[in-house]
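Remarks on the structure that follows.
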Amino acid sequence: MSALAAPNEVVTRALLRQVNVPGLDRPAALITLDNGFDHTKPNTFGPGGLASLDEAITAALAADPAFIAVTGKPYIFCVGADIVGLPQLADRAQALEIGRLGHRVFARLKDSSVPTFAFVNGAAMGGGLELALHCHYRTLSGGAAALALPEVSLGLVPGWGGTQLLPNLIGIPAATQVIIQNPLMQNKMLKPKQAAELGIADVLLEPADFLERSLEWAAGVVRGQVTVTRPEVDKDMWAGVLYFARETLNQRLHGAVPAAYRALDLLETAKDGDFAAGTAAEDEALADLVFSEELRSGLYAFDLVQRRAKRPAGAPDKGLARTITKVGIVGAGLMASQLALLFARRLQVPVVMTDLDQSRVDKGVGYVHTQIEKAVTKGRMDKGTAAKLYGLVSGTVDKSAFADADFVIEAVFEDLGVKKQVWAELEKIVSPEAVLATNTSSLSITEMAAELEHPERVVGFHFFNPVAVLPLLEIVRGERTDDVTLATAFAVGKQLKKSSVLVKDAPAFVVNRLLTRFLGTVFAAVDAGTPLDVANSALDPLGLPMRPLALLQLVGPAVAYHVGGTLHAAYPDRFGVSENLKRIADSGQPIVVDDQVNEEVAKLLVVGDQPLTAEQVRQNALDALAQEIRLMLDEGVVAEAQDIDLCMILGAGWPFHLGGVTPYLDRTGTSERVTGQRFLPRGAASLPA
5 MSALAAPNEV VTRALLRQVN VPGLDRPAAL ITLDNGFDHT KPNTFGPGGL ASLDEAITAA
65 LAADPAFIAV TGKPYIFCVG ADIVGLPQLA DRAQALEIGR LGHRVFARLK DSSVPTFAFV
125 NGAAMGGGLE LALHCHYRTL SGGAAALALP EVSLGLVPGW GGTQLLPNLI GIPAATQVII
185 QNPLMQNKML KPKQAAELGI ADVLLEPADF LERSLEWAAG VVRGQVTVTR PEVDKDMWAG
245 VLYFARETLN QRLHGAVPAA YRALDLLETA KDGDFAAGTA AEDEALADLV FSEELRSGLY
305 AFDLVQRRAK RPAGAPDKGL ARTITKVGIV GAGLMASQLA LLFARRLQVP VVMTDLDQSR
365 VDKGVGYVHT QIEKAVTKGR MDKGTAAKLY GLVSGTVDKS AFADADFVIE AVFEDLGVKK
425 QVWAELEKIV SPEAVLATNT SSLSITEMAA ELEHPERVVG FHFFNPVAVL PLLEIVRGER
485 TDDVTLATAF AVGKQLKKSS VLVKDAPAFV VNRLLTRFLG TVFAAVDAGT PLDVANSALD
545 PLGLPMRPLA LLQLVGPAVA YHVGGTLHAA YPDRFGVSEN LKRIADSGQP IVVDDQVNEE
605 VAKLLVVGDQ PLTAEQVRQN ALDALAQEIR LMLDEGVVAE AQDIDLCMIL GAGWPFHLGG
665 VTPYLDRTGT SERVTGQRFL PRGAASLPA
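Just so we're aligned, residue 5 is where the sequence shown starts under my numbering, counting upward by one.
See the structure below:
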């Protein structure tokens with residue numbers, strides 16, 4: 005154990021007490037995991053925590069209890085291994101030892117002759133969920149906030165039995181979803197009802213009296229009055245499911261995430277049910293992956309999302325923020341309608357939309373109502389909440405409805421003249437204190453506010469589509485935006501449950517500027533004569549969420565052409581304007597169909613006779629990103645490279661294994677070759693020198 009001592013570990017203690025349960029002739033042993041902090045600092049397992057659990061199990065067994073149960077402190081069961089300690093492991097032998105230690109301690113619950121139960125009262129992720137899987141039975145609180153095996157998203161695998169136990173409990177299709185698919189889908193979590201339906205829990209109980217009901221249920225199992233039945237796992241489909249999963253990974257990641265492939269190998273091992281061989285394979289995989297560049301990038305990205313996103317660099321004192329009692333939305337199109345629903349749900353204040361005519365207004369309000377109805381039908385919203393939201397969202401063609409609004413956001417056509425006209429008209433209606441926010445994706449906040457009487461209350465509030473899914477909010481400070489306006493914008497962003505990043509008023513801000521440069525470089529290769537399919541597949545080795553042409557289709561060729569034009573006007577030496585892109589936009593035809601290039605679109609292009617190889621396209625794109633990021637940092641568009649990475653992860657879905665973007669550019673040597681320096685110190689998101 006001394007070789008594994010972690011000096012910075014916040015030790016999660018396993019606190020043992022004897023509990024008398026009606027109907028049993030002797031007490032039960034209840035082990036409560038508690039690191040001594042509230043729910044904002046969840047329970048985790050390092051060497052000290054595992055040692056404490058080991059001691060508690062020994063003491064529990066010595067007392068000859070009716071059963072042993074493990075639960076957590078309020079709202080938290082356990083969120084797994086102490087990942088902060090992973091970079092402190094000095095060598096592969098230590099990584100093997102921490103894997104084996106977790107396996108040995110958890111196995112005591114699996115192999116116990118005394119019945120063991122996990123009372124999953126709150127968030128259970130990674131090693132926490134694996135601990136529960138080792139118990140003979142599991143109860144689950146309907147109030148548990150998050151359930152997952154997220155290791156693959158970080159560059160690891162479930163290393164304490166998860167790859168062996170879960171498929172043999174719930175079947176290989178569902179286990180593959182939980183262990184591989186969900187982590188690669190922006191680390192999707194399971195809700196308690198979903199986990200129970202999959203069979204991860206034996207019974208789902210209400211949170212209000214969860215512990216009492218769990219003890220009662222466990223006593224019924226011990227007495228034989230409650231029978232737990234589990235469906236038989238179909239082993240015949242094992243190979244087919246894993247073959248399909250591997251093919252899907254190849255199409256999507258092209259080998260870019262080693263952890264996902266190691267997880268597939270471990271799931272294959274689980275079929276034969278040799279638990280000792282399977283857990284030994286987990287130990288080897290863990291030891292290999294701990295010293296991978298992908299893991300270091302993943303840990304860096306995780307830290308950005310969990311910590312930096314909650315403390316935005318440069319945000320003013322939150323005490324300056326004004327209270328919002330009513331929101332106005334200029335526009336009633338799709339984006340405006342999504343915003344209306346989001347503001348109403350999160351702020352719980354009246355939201356009024358306006359547009360040029362009543363039919364557009366009705367369509368926008370109708371969209372909101374339809375989404376509310378869908379949420380009720382799918383069980384995601386109760387009828388009482390739905391009724392309240394129906395009453396909060398309204399629409400009108402009369403902008404005087406904004407007179408008492410504290411926060412007005414416009415989502416109209418992306419044209420500076422149109423937006424300036426909107427604000428000139430609204431400034432005569434709203435109060436002098438009302439915040440005026442623009443959802444522009446590329447236009448200057450400073451220019452938009454230049455002719456207003458109160459330009460200090462105009463702020464950029466750039467969401468990403470789909471609004472309900474992507475968590476990033478770029479908050480853009482114009483030259484005259486004051487601290488009160490900015491503080492209010494950050495407060496509203498927090499209420500909306502978005503991760504806000506402060507951005508300087510520069511063309512296209514962060515995500516759109518980088519994606520436009522990136523796509524522009526790829527499309528420049530097409531203009532030069534590179535076949536569309538070569539350009540489209542050139543970035544495959546990065547394992548990006550979408551290929552370039554699919555991303556272009558999602559953004560919309562017309563929008564991409566417009567944003568490209570804005571950036572070309574600002575930086576003509578780096579941002580070109582492709583007439584081929586305009587041809588595609590004018591044709592209205594899809595660029596890709598089922599991830600294949602549309603040959604009809606290819607016929608529209610006018611190209612040169614200097615095609616590039618896939619490797620050349622890829623390197624040009626990476627070089628362009630490195631150059632643009634360095635320029636953005638020099639211009640002060642954001643505070644640090646970490647904010648660039650946070651924006652790319654949360655706004656563009658760029659994966660953890662890249663660390664967003666700058667760790668990958670550092671790792672490949674692109675940063676130093678193009679800019680003469682790294683973006684991050686060696687070891688910050690990579691292996692130490």
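For glycine and all other residues, C-beta sits at the position ideal for the given N, C-alpha and C. Quick caveat, the model's predicted, so the values are computed rather than measured.
- Across the structure, Asn-12 and Gly-106 are spaced so that their CA atoms are roughly 19 Å apart.
- Beta-bridge pairing by DSSP links Gly-76 to Leu-37.
- A distance below 6 Å between beta-carbons, with the five flanking residues on each side excluded, links Leu-553 to the following residues of its chain, in chain order: Asn-540, Ile-595 and Val-596.
- In terms of CA proximity to Val-559, Leu-585 leads the group Leu-585, Asp-544 and Pro-535.
- The beta carbon of Gly-163 lies closer than 6 Å to those of Gly-103, Glu-286 and Leu-290 in the same chain, with the five residues before and after it left out.
- Between Gly-368 and Ala-340, the gap from beta carbon to beta carbon is short of 8 Å.
- Here the alpha carbon of Asp-408 sits roughly 11 Å from the alpha carbon of Val-356.
- As computed with DSSP, Met-357 is found in a beta bridge with Ile-333 and Gly-399.
- Assigned with DSSP and collapsed to three states, Phe-465 falls in strand.
- Note that the C-beta distance between Gly-580 and Gly-524 is below 8 Å.
- Here the segment 307 to 316 does not lie against the segment 332 to 352, with fewer than 3 beta-carbon pairs under 8 Å apart.
- Burial of Gln-557 is indicated by the presence of at least 16 other C-beta atoms within 10 angstroms of its C-beta.
- Between Gly-159 and Gln-646, the alpha-carbon positions lie close to 19 Å from each other.
- Per DSSP, the unbroken beta strand (DSSP E) holding Gln-22 starts and ends at 17 to 23.
- Checking the DSSP bridge columns, you'll see Ile-184 has no partner listed.
- From the listed residues Ala-199, Leu-144 and Glu-236, the smallest Cα separation to Arg-217 is found for Leu-144.
- Within the DSSP secondary-structure output, Glu-414 pairs in a beta bridge with Val-334 and Thr-442.
- Judged by DSSP secondary structure, Glu-201 falls within the alpha helix (DSSP H) whose first and last residues are 196 to 202.
- Measuring C-alpha to C-alpha distances from Leu-536 to each of Val-641, Val-610 and Ala-64 identifies Val-610 as the nearest.
- Secondary structure remark: continuous beta strand (DSSP E) runs of at least 3 residues inside the segment 121 to 166, in chain order: 127 to 129 and 141 to 145.
- Spatial neighbours of Val-515 in its own chain (CB-CB distance under 8 Å, excluding positions within 5 residues in sequence) are listed in chain order as Phe-468, Leu-476, Glu-478, Cys-651, Met-652, Gly-655 and Ala-656.
- Secondary structure note for Leu-506: its beta strand (DSSP E) is the uninterrupted segment 503 to 508.
- When DSSP states are grouped into helix, strand and coil, Arg-578 belongs to the coil group.
- Put simply, the backbone Cα of Arg-634 is about 13 Å away from that of Asp-649.
- Residue range 207 to 209 is occupied by the beta strand (DSSP E) that includes Val-207.
- About 5 Å separates the beta carbons of Pro-171 and Ala-274, which is inside the 8 Å limit, making them a contact pair.
- Fewer than three beta-carbon pairs drawn from the segment 71 to 89 and the segment 230 to 246 are found closer than 8 Å, and the two stretches are therefore not classed as touching.
- Only buried fits Phe-214, as 16 or more other CB atoms lie within 10 angstroms of its CB.
- Annotation for Glu-236: no beta strand (DSSP E) segment contains it, and DSSP assigns it neither H nor E.
- If you look at Ile-479, you'll find it in the beta strand (DSSP E) that goes 476 to 481.
- Look at the beta carbons and you see the segment 327 to 341 not touching the segment 289 to 304: under three pairs across the two are nearer than 8 Å.
- Phe-411 and Ala-441 have their alpha carbons spaced roughly 7 Å apart.
- When Cβ pairs closer than 8 Å are counted between the two stretches, the segment 365 to 383 is seen not to touch the segment 291 to 304, the count staying below three.
- Within the segment 570 to 628, the runs of alpha helix (DSSP H) at least 4 residues long that lie entirely inside it are, in chain order, 583 to 591 and 603 to 606.
- Trp-658: not part of any alpha helix (DSSP H); DSSP gives it neither H nor E.
- Inter-residue distance for Leu-555 and Pro-561 is about 10 Å (C-alpha atoms, whole angstroms).
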